[in-house]
Each structure stands twice: as C-alpha cells, then as structure tokens.
Amino acid sequence: MQPPINMTQDWLTARKNITPEKPFLFHGDESLTFRELNRLVQESYIYIQTHEFIKHRDKVAILMPTGFRYVATVLALMQMQAIVVPLNTRLTPDELKWQIKNADCRMVICTPETKELASKLVDPAYEIVSFDATTYEAVHSLSYISPKVTNDDGLIESVELDAEFAIIHTSGTSGNPKGAVLTY
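Numbering (numbering that gives the first Met the number 0), first residue to last: 0 to 183.
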C-alpha cells in the first residue's frame, strides 16, 4: 500500500497560483486557463455539494457530453473523493441503467442535453443533478471557496494512491460489461 498524499493544497490550486493564465485544456477552438478551470471546478463543487451532500467514497455517475463542464465535474468529484462512474451518452437506456445499478451509484450528474435521458434511468430514490444556465448564474454569484477547508466538511486531507477513483465499464462484448475499478 502506498502512503497517502497530502491534499491540503490540491494540484489545480497550486498550478493556478503558479501560472494562472496558462492554457490547461483545449476543446475545439476554445481553451481554458488554469484560473478559469479552477473557478469552474469550484462552481461545480459548490453546486453539487449544496444540491446533495456527497461523502467520501460515494459513487456518482456522470452522464454529460465531453467538454469543459465534464472535466470540471470529474475534478470536483475528485476533491470530494467520490468515486466517479462515467457513462457513455451513446449507450441505450437499458445499458446505462444496468451500469448505474451495477456500480451502485448514489447520484447522476447531467446537463440539459442529457437530463431527459437521465430521468429515464433512475428511480425516485436517486438524485439527478443537472448543470444548466440557472445553475451557472446561481453558483457564479456565490463567493469563492476552497474545497479543502477543514476536515469538518466531510473531506479528508490526504488521498491513498490505492483508493478507488473511478469505475469504468468495459464494452461488454460477451455479455454485460464489467466495472473496472481504477485507483488514484
């Protein structure tokens, strides 16, 4: 077992402090700097936690198209040390339902483009969180916070490299897909 890594300042905040205007991510013709990505991660973090409190090791499905919001959502869930379960938006509803149930997800995070599909996948016991225009406006008006405030907020201050990070489902060519567990 590998020793835990101290998380009192996460890598994204550290990088934002060193090179805030350096591009971090490109998607099509657009780019996002470390400062912009850090802000987007903070907004995602705040919105998810104010909508439904996520605890350490909760499994959270992501049903979103690729893009900046997707990356920010994964990074926000990493800061919560939730287990990320990415879902392929091209799968059938039955395949997606099976993956959500197989991974024992507590929540599905989506966007307006995938919200209707998400609502068909889960029963009322599940929470669906959708990022939409009102979300951006409401969250953007909140004050900036650091997700690594204290242990009292449900986060832990270190991460074990052997801890589960994500459950990725295989293609399932010979039956139902298997959930491959990835560690940090």
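Backbone N, C-alpha and C define an ideal beta-carbon position, used for all residues, glycine too.
For the beta strand (DSSP E) that contains residue i, what are its first and last residues?
| i | result |
| --- | --- |
| residue 197 | Outside the shown range of the chain (0 to 183) lies residue 197, about which nothing can therefore be said. |
| residue 58 | 58-62 |
| residue 163 | 163-168 |
| residue 53 | Counting along the chain, residue 53 falls outside any beta strand (DSSP E), and DSSP gives it neither H nor E. |
| residue 118 | Taken as a continuous stretch (DSSP letters only), residue 118 belongs to no beta strand (DSSP E), being part of the alpha helix (DSSP H) at 111-120. |
| residue 129 | 126-129 |
Per DSSP, residue i forms a beta bridge with which residues?
| i | result |
| --- | --- |
| residue 36 | Answer is none; residue 36 lacks a bridge partner. |
| residue 182 | 163 |
| residue 31 | 24 |
| residue 108 | 61 and 128 |
Going by DSSP, what residue range makes up the alpha helix (DSSP H) through residue i?
| i | result |
| --- | --- |
| residue 86 | Note, residue 86: premise wrong, no alpha helix (DSSP H); not H, not E. |
| residue 90 | Run containing residue 90: none; DSSP gives neither H nor E here. |
| residue 80 | Per DSSP, residue 80 belongs to no alpha helix (DSSP H) and is neither H nor E. |
| residue 195 | Nothing can be reported for residue 195, as the shown portion of the chain is limited to 0 through 183. |
Within its chain, find whatever has a CB closer than 7 Å to the CB of residue i; leave out the 5 residues flanking it on each side and keep chain order.
| i | result |
| --- | --- |
| residue 181 | 164, 165 and 167 |
| residue 74 | 11 and 40 |
| residue 51 | 106, 126 and 128 |
| residue 72 | 43, 61, 63 and 108 |
| residue 118 | 127 |
| residue 99 | 60, 107, 120 and 121 |
| residue 21 | 32 and 33 |
Return the chain-ordered list of same chain residues with a C-beta closer than 6 Å to the C-beta of residue i, the five sequence neighbours on each side being excluded.
| i | result |
| --- | --- |
| residue 84 | 58, 60, 102, 104 and 166 |
| residue 19 | 33 and 34 |
| residue 95 | 86 and 120 |
| residue 176 | 168 and 169 |
| residue 81 | 53, 57 and 59 |
| residue 14 | 33 |
Might you give, ordered along the chain, the residues of its own chain that have their beta carbon closer than 8 Å to the beta carbon of residue i, omitting 5 neighbours on each side?
| i | result |
| --- | --- |
| residue 68 | 39, 43, 110 and 130 |
| residue 66 | 26 |
| residue 179 | 166, 167, 168 and 169 |
| residue 92 | 116, 119 and 120 |
Output yes if chain B places a C-beta closer than 8 Å to the C-beta of residue i; else output no.
| i | result |
| --- | --- |
| residue 33 | Reference to chain B is not applicable here, since this structure consists of a single protein chain. |
Legend entry - Contact between the stretch 21-28 and the stretch 41-56 (3+ Cβ pairs under 8 Å): no
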